[in-house]
Amino acid sequence: MGKTKDLYMEIEGKAIDCLDDYLNDKDLNLPECRYNFEAEHGCGAMHIFDEIFEGAEILKLNGHK
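For the sequence shown, the residue numbers in this note's numbering are 4 to 68.
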């Protein structure tokens, strides 16, 4: 695999971990999660975050576990 694909997959995995934390922590809000992810991975990775988090607020409101 190329380095770009490896990096993408690593960041995608981090976004999935962040989504899991968000869904399982009632006190963690989406803007805070987004800010932390951007601080760690930079603004260039935010499209990955947005793809993973699409619909996350609805899942959380519905009590998804």
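For every residue, glycine included, the Cβ atom is placed at its ideal position computed from N, Cα and C. Because the structure is a prediction, the values reported are computed rather than measured.
Going by DSSP in three states, residue i sits in which element: helix, strand or coil?
{"i": "Asn27", "result": "helix"}
{"i": "Gly47", "result": "helix"}
Quick one, are the C-beta atoms of residue i and residue j less than 8 Å apart?
{"i": "Ile14", "j": "Ala42", "result": "no"}
{"i": "Ile51", "j": "Leu22", "result": "no"}
{"i": "Leu31", "j": "Ala59", "result": "no"}
Comparing alpha-carbon positions, which option in the options lies nearest residue i?
{"i": "Lys17", "options": "Lys29, Leu64, Asp53, Glu60", "result": "Asp53"}
{"i": "Lys63", "options": "Arg37, Lys29, His44, Tyr11", "result": "Lys29"}
{"i": "Ile61", "options": "Leu10, Leu26, Thr7", "result": "Leu26"}
For the alpha helix (DSSP H) containing residue i, list its first residue and its last residue.
{"i": "Glu57", "result": "Element bounds for Glu57: n/a, residue is neither H nor E."}
{"i": "Glu36", "result": "Residue identity differs from the one stated: residue 36 is Cys in this sequence, not Glu. Unbroken alpha helix (DSSP H) run through Cys36: 33 to 44."}
Apart from the five residues on each side of it in sequence, which residues of its chain come closer than 8 Å, Cβ to Cβ, to residue i?
{"i": "Asn39", "result": "Cys21"}
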